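*Asks:* Numbering (UniProt numbering), first residue to last: 1 to 247.
Note that CB positions come from ideal geometry on N, CA and C, so glycine has one too.
It should be emphasised that the depicted structure is a prediction, and the values quoted were computed from it without experimental measurement.
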């Protein structure tokens, strides 16, 4: 695996292997949403990345995977691309704006499929090793759930050391009050995190916010004290469950 920062693309000139068929992932960050990625394959990464450098603004580094002997074929890397996009979409840990569809898997002999499946396991291990969890499905655990309603919102989530996580399937307000002070950011998050079902905005994946109030503001579309508007099934506020424990 090669890890190449966007700021150091000249490094590609020193690596002949990167002018061979390769499977790659472009990685980027967006503070208002999940991390972003683009998954692709190419017969020559050195040439292919020129197009990405001019047309894709989000990415900051590339993970490039080639075989030890640089003997992978175009069909091999197409198979890896198919596997990677399918698993990344299942994990739903990254925004894949430019990988909207899972490409059809090419026809490979069974022994070659086995070889590429083994190679892909190495890809997942190496990506995870450097802190890229694009293929990792989070394991659900039982949490103390809290709920909030208002302005067409019906959301649920839980509090942890990471912040407040609003759960997939929650419905959120379609509109915002005029005084809402991060409208553009919320609109972007609605695009990335929700879909419309029967005229209702539904969260398509879990989303963790830095504070309960930010989570409530996003869900309701107005300014709220999250410690008070999030309540469990017994009607206890988040404040009474967590903050009062410190008294």
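Where does residue 8 sit, in a helix, a strand or coil, going by DSSP?
*Replies:* Residue state, collapsed to three classes: helix.
*Asks:* Which partner residues does residue 203 have in the DSSP bridge list?
*Replies:* The partner list for residue 203 (beta bridge, DSSP) reads 194.
*Asks:* Output the boundary residues of the alpha helix (DSSP H) element that contains residue 117.
*Replies:* Per DSSP, residue 117 belongs to the alpha helix (DSSP H) from 110 to 129.
*Asks:* Would the beta-carbon of residue 221 fall within 8 Å of that of residue 176?
*Replies:* Yes.
*Asks:* Among the residues of its own chain, which have a CB less than 7 Å from the CB of residue 105, if the five just before and after it don't count?
*Replies:* If we look at residue 105 and ignore the five residues flanking it on each side, its Cβ neighbours are 79 and 82.
*Asks:* For the structure I just gave you, are there three or more beta carbon pairs, one from the region 224 to 244 and one from the region 189 to 197, closer than 8 Å?
*Replies:* With the cut-off at 8 Å, the region 224 to 244 and the region 189 to 197 do not touch.
*Asks:* State the Cα-Cα distance for the pair residue 109 and residue 102, rounded to the nearest angstrom.
*Replies:* So the two alpha carbons sit approximately 21 Å from each other.
*Asks:* On the three-state DSSP scale, how would you describe residue 219?
*Replies:* Note: residue 219 maps to helix in three-state DSSP.
*Asks:* Could you check what DSSP says for residue 160 in three-state terms: helix, strand or coil?
*Replies:* The answer is strand: DSSP assigns residue 160 an E or B state.
*Asks:* Have a look at the DSSP bridge pairing and note the partners of residue 42.
*Replies:* 22, per the DSSP bridge assignment.
*Asks:* Going by other Cβ atoms of all chains shown within 10 Å of its Cβ, with 16 needed for buried, is residue 235 buried or exposed?
*Replies:* The residue is exposed, with fewer than 16 neighbouring Cβ atoms inside 10 Å.
*Asks:* Given this structure, state the Cα-to-Cα distance separating residue 158 from residue 44, to the nearest angstrom.
*Replies:* So the alpha carbons of these two residues sit roughly 46 Å apart.
*Asks:* Name the DSSP bridge partner or partners of residue 79?
*Replies:* Bridge partners of residue 79: none, in fact.
*Asks:* Pick helix, strand or coil for residue 61, following the three-state DSSP scheme.
*Replies:* Correct three-state label for residue 61: strand.
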